[in-house]
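> Residue 354 in full-length UniProt numbering sits at position 354 of the sequence shown, and the numbers go up by one each step. Let me begin by handing over the structure; questions about it come next.
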Amino acid sequence: MTTTLITGGTVVNTTGRVEADVLIDGETIVGVLPPGSELLGSDLKRTVDQIVDATGKYVLPGGVDAHTHMEMPFGGTFASDTFETGTRAAAYGGTTTIIDFITQYPDQRVLDQYNLWHEKAAGNCAIDYGFHQILSDIQPESLTAMDELVDEGVTSFKLFMAYKGVFLSDDGQIFRAFQKGAENGALMMMHAENGSVIDVLVEQALGRGETGPINHGLTRPWQLEEEATHRAIMLADVADCPLYFVHVTAKQAAMQIAEARGRGANVFGETCPQYLYFSLEDQLGAHSAERGEFEGAKWVASPPLRSKHEGHQDFLWKALRTNEIQMVSTDHCPFCMKEQKELGADDFSKIPNGFGTVEHRLDLLYQGVVDGKITLERFVEITSTTPARMFGLYGKKGVIQPGADGDIVVYDPNGHTTISADTAHMDIDYSAWEGFEIDGKVDTVVSRGKIVVQNDQYLGRKGDGQYLKRGTSQYLT
Ligand SMILES: [Zn+2]
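Below is the structure:
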């Protein structure tokens with residue numbers, strides 16, 4: 001077994017920061033020691049095999065990205081990152097755990113899809129991975145499968161109030177799943193947008209000949225996110241079941257979550273970097289010589305980007321600071337422009353939805369620290385500790401302490417990078433983040449005690465990552 005000492009850095013947990021060395025024995029952290037412990041010598045009587053010099057840098061728990069869609073089938077194509085390319089890109093960006101969504105369509109059996117996701121991921125991942133299960137058009141068989149999956153470590157289930165005929169479940173189906181979740185301890189997750197009304201608006205826009213990408217956002221107004229959020233909270237209240245909202249984008253939806261939390265409900269929310277940084281106006285203003293206004297397809301995701309004039313972005317930053325929103329995941333679901341986003345060249349409703357961000361989440365959120373929007377400790381909390389705790393991984397993940405997995409990011413606050421598709425490692429032919437200037441830089445990434453990234457070089461190999469059989473949410477027990 002290899003012993004690793006990360007020396008000279010500032011160890012940051014949610015509880016504070018301390019000058020300390022971190023000793024990893026094999027895959028596990030065994031000590032957070034006073035600085036200068038390379039002289040460990042007599043009391044620990046160890047030979048350190050490798051030393052990582054973190055002088056002047058932060059030593060952070062590895063990032064946990066709780067929302068990815070590797071190789072997701074969608075709209076007649078597949079998300080362009082495989083488990084191999086997507087998890088390697090994640091590692092480059094300081095994320096050492098992902099939780100990916102097993103996708104189930106109405107004509108598929110839940111447990112078949114669970115097995116299929118294991119086949120796709122096994123032996124291919126650079127970092128550790130767990131699964132959530134998507135349930136679409138929920139049938140009695142799916143409800144039964146929920147119990148089995150909880151036993152397999154899939155302890156969270158995502159339901160949809162949008163995408164009729166594809167993912168959408170009606171209120172009665174959702175309510176039955178909520179009751180099952182209340183019974184077996186699973187955390188229910190919701191895509192909250194009123195899909196039936198969106199479908200009407202989309203049909204009307206297309207009927208008027210409004211086919212460009214910007215109409216994606218214009219046909220999904222914030223009222224339909226707020227309404228669905230409120231409706232889901234009320235249904236969960238009646239079922240007495242905890243509820244987690246994925247990708248909160250609208251200020252008003254965040255306020256619904258805050259209100260529910262204020263009266264003691266187990267309601268949680270995540271947002272994504274794209275909703276903190278981009279607006280509908282950015283998308284509207286996007287033109288290129290090559291593609292004209294179709295350039296805006298790069299920023300098509302659901303829910304859509306929101307108008308800057310309505311203050312959603314500022315509100316979400318505030319909500320992250322005050323814990324009205326608890327964490328940030330990427331909803332990594334990349335599609336290339338060529339042959340993928342282009343499927344919607346004549347019809348915005350056919351543009352595959354999604355951003356490629358898994359590599360940049362830590363860098364993008366760290367800018368919130370640089371800008372004084374969140375503290376360094378809060379940055380660790382929303383990118384690592386809370387996701388770990390939310391999804392039953394805390395103790396092993398999300399913290400630097402003895403007994404935790406040796407998942408560490410050495411982050412250089414004095415580094416600087418510029419995001420570009422040319423230098424990023426995700427398998428996608430553009431970057432939604434092209435030209436973003438990043439203060440701070442991932443220096444070294446350690447996953448289960450193995451150095452997987454250093455000096456911008458990938459030193460791991462596919463198959464390093466292991467399946468994480470998760471417990472139930474540690475906010476609920
Ligand atoms: Zn998603």
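The C-beta atom is built at its ideal place from N, Cα and C for all residues, glycine as well.
So is the beta-carbon of ASP331 under 6 Å away from any non-hydrogen atom of ligand 1?
Position 331 of the sequence shown, counting from 1, holds the residue named residue 331. Checking the Cβ of ASP331 against ligand 1 gives yes.
> In this structure, how does DSSP classify LYS396 when only helix, strand and coil are distinguished?
For the purposes of this step, residue 396 is taken as the residue at position 396 of the sequence shown. Three-state DSSP puts LYS396 in coil, outside helix and strand.
> Does the distance from the CB of residue 482 to the CB of CYS336 come in under 7 Å?
As displayed, the chain neither begins before 1 nor continues past 477, which places residue 482 out of reach and without an answer.
> With 16 other CB atoms within 10 Å as the buried threshold, where does LYS251 fall?
Counting from one through the sequence shown, the residue named residue 251 turns up at place 251. With 16 or more Cβ atoms within 10 Å of its Cβ, LYS251 is classed as buried.
> Got a sec? Which residues, its chain only, sit under 8 Å from GLU293 by beta carbon, not counting five neighbours each side?
As a working mapping, residue 293 is identified with position 293 in the sequence shown. Closer than 8 Å at the Cβ level, and outside the excluded window around GLU293, lie GLY212, PRO213, ILE214, ALA286 and HIS287.
> When DSSP labels each residue in this structure, what does LEU243 get in the three-state scheme?
Position 243 of the sequence shown, counted from the start, is the residue given in the question as residue 243. Correct three-state label for LEU243: strand.
> Do THR2 and ASP53 have their C-beta atoms closer together than 7 Å?
Here residue 2 refers to the residue found at position 2 of the sequence shown. Here residue 53 refers to the residue found at position 53 of the sequence shown. Against a cut-off of 7 Å, the Cβ pair of ASP53 and THR2 comes out as no contact.
> Does the beta-carbon of HIS247 have 16 or more other beta-carbons within 10 angstroms, so that it is buried, or is it exposed?
In the sequence shown, counting from the first residue as 1, residue 247 sits at position 247. Per the 10 Å Cβ criterion, buried.
> By Cβ distance below 7 Å, which residues in the same chain neighbour PHE175 in space, the five residues on each side in sequence not counted?
The residue given as residue 175 occupies position 175 in the sequence shown. So the qualifying residues of the chain are LEU235 and ALA239.
> For VAL445, count neighbouring Cβ atoms within 10 angstroms of its own Cβ and tell me buried if that reaches 16, exposed if not.
Along the sequence shown, read from residue 1 onward, the residue named residue 445 stands at position 445. Buried, since its Cβ has 16 or more Cβ neighbours within 10 Å.
> Can you tell me which of the three DSSP states THR330 falls into?
Position 330 of the sequence shown holds residue 330. DSSP places THR330 in coil when its eight states are reduced to three.
> Take the Cβ of GLY463 as the centre, count every other Cβ of all protein chains shown within 10 Å, and call the residue buried at 16 or more, exposed below.
For the purposes of this step, residue 463 is taken as residue 463 along the sequence shown, with counting starting at 1. Exposed, since its Cβ has fewer than 16 Cβ neighbours within 10 Å.
> Taking GLY262 as part of the beta strand (DSSP E), name the residues at either end of that continuous run.
Taking the sequence shown and counting its residues from 1, the one referred to as residue 262 is at position 262. That residue, GLY262, is in no beta strand (DSSP E); its alpha helix (DSSP H) goes 251-262.
> Compare the Cα-Cα distances from LYS350 to each of LEU284, THR357, ASP443 and LYS341 and report the closest residue.
Against the sequence shown, residue 350 aligns to sequence position 350. With distances taken between Cα atoms, LYS350 lies closest to LYS341.
> Cβ atoms of VAL154 and GLN133: under 7 Å apart, would you say?
By 1-based counting over the sequence shown, the position of residue 133 is 133. By 1-based counting over the sequence shown, the position of residue 154 is 154. In contact: GLN133 and VAL154 (Cβ atoms closer than 7 Å).
> Express the C-alpha separation of THR423 and PHE348 in angstroms, rounding to a whole number.
Counted from its first residue, the sequence shown places residue 348 at position 348. Counted from its first residue, the sequence shown places residue 423 at position 423. Between PHE348 and THR423, the C-alpha separation is close to 29 Å.
> Which same chain residues, not among the five before or five after ILE24, have their C-beta less than 6 Å away from its C-beta?
Residue mapping note: residue 24 aligns to position 24 of the sequence shown, counting from 1. Excluding sequence neighbours, ILE24 sits near THR4, GLY406 and GLY449.
> Where ASP107 and SER136 are concerned, what is the direct C-alpha to C-alpha distance, given to the nearest angstrom?
Sequence index remark: in the sequence shown, residue 107 carries index 107 (1-based). Sequence index remark: in the sequence shown, residue 136 carries index 136 (1-based). Near 9 Å, if we compare the C-alpha coordinates of SER136 and ASP107.
> Enumerated in chain order, which unbroken segments of the beta strand (DSSP E) with a length of 3 residues or greater are wholly contained in the segment 143-218?
Here the runs fully enclosed are 156-160 and 187-191.
> Give me the DSSP bridge partner(s) of THR417.
Here residue 417 refers to the residue found at position 417 of the sequence shown. Paired residues: ILE438.
> Secondary structure at HIS118, three-state DSSP: helix, strand or coil?
What you label residue 118 is simply residue 118 of the sequence shown in a count that begins at 1. Helix.
> Which value, in whole angstroms, describes the spacing of the CA atoms of TYR475 and GLN274?
By 1-based counting over the sequence shown, the position of residue 475 is 475. By 1-based counting over the sequence shown, the position of residue 274 is 274. The alpha-carbon atoms of TYR475 and GLN274 are separated by roughly 26 Å.
> In angstroms with no decimal places, state the Cα-to-Cα distance between SER142 and GLN256.
Start at 1 with the first residue of the sequence shown, and residue 142 comes out as number 142. Start at 1 with the first residue of the sequence shown, and residue 256 comes out as number 256. For SER142 and GLN256, the distance between alpha carbons rounds to 29 Å.
> I need the DSSP call for VAL369, collapsed to helix, strand or coil.
For this step, residue 369 is matched to residue 369 along the sequence shown. Note: VAL369 maps to helix in three-state DSSP.
> Under 7 Å Cβ to Cβ from GLU27, same chain only, skipping five residues before and after it: list those, please.
The count along the sequence shown starts at 1 and reaches residue 27 at position 27. Taken in chain order, the residues that qualify are ASP405, GLY406, ARG448 and GLY449.
> State the start and end residues of the unbroken beta strand (DSSP E) segment that holds VAL452.
Residue mapping note: residue 452 aligns to position 452 of the sequence shown, counting from 1. VAL452 -> beta strand (DSSP E) spans 450-454.
> Can you tell me whether PRO35 is helix, strand or coil according to DSSP?
Residue numbering aside, residue 35 sits at position 35 when the sequence shown is read from its first letter. Three-state result, PRO35: coil.
> My output table needs one value for SER42: the three-state DSSP class, helix, strand or coil.
For the purposes of this step, residue 42 is taken as residue 42 along the sequence shown, with counting starting at 1. Residue placement at SER42 cannot be trusted, given a pLDDT of 46 that sits under 50; the coordinates are not used to answer.
> Would you call the segment 117-124 in contact with the segment 389-397, where contact means no fewer than 3 C-beta pairs closer than 8 Å?
With a cut-off of 8 Å, the segment 389-397 and the segment 117-124 do not count as touching, because too few Cβ pairs lie within range.
> If you drop the 5 nearest sequence neighbours on each side, which residues of the same chain put their C-beta closer than 6 Å to that of PHE268?
For the purposes of this step, residue 268 is taken as residue 268 along the sequence shown, with counting starting at 1. Same-chain partners within the cutoff: TYR244 and GLN326.
> By DSSP, does THR96 sit in helix, in strand, or in coil?
Taking the sequence shown and counting its residues from 1, the one referred to as residue 96 is at position 96. Correct three-state label for THR96: strand.
> Would VAL64 and SER384 be called neighbours here (beta carbons separated by less than 7 Å)?
Within the sequence shown, numbered from 1, the residue matching residue 64 stands at position 64. Within the sequence shown, numbered from 1, the residue matching residue 384 stands at position 384. Taking 7 Å as the Cβ cut-off, VAL64 and SER384 qualify as a contacting pair.
> Could you tell me the distance, in whole angstroms, from the CA atom of LEU159 to the CA atom of GLY9?
Here the question's residue 159 lines up with position 159 in the sequence shown. Here the question's residue 9 lines up with position 9 in the sequence shown. Each residue's alpha carbon lies about 42 Å from the other.
> What number of angstroms, rounded off, separates the C-alpha of GLY16 from the C-alpha of LYS57?
Here residue 16 refers to the residue found at position 16 of the sequence shown. Here residue 57 refers to the residue found at position 57 of the sequence shown. Straight-line Cα distance between these residues: approximately 15 Å.
> Quick check: the Cα distance between GLY368 and LEU276, rounded to an integer number of angstroms?
Residue 368 sits at position 368 when you count from the first residue of the sequence shown. Residue 276 sits at position 276 when you count from the first residue of the sequence shown. Distance between the alpha carbons of GLY368 and LEU276: 10 Å.
> Give the DSSP bridge partners of VAL77, in chain order.
Sequence index remark: in the sequence shown, residue 77 carries index 77 (1-based). The residue you asked about is not Val; residue 77 is Thr in the sequence shown. Per DSSP, PHE74.
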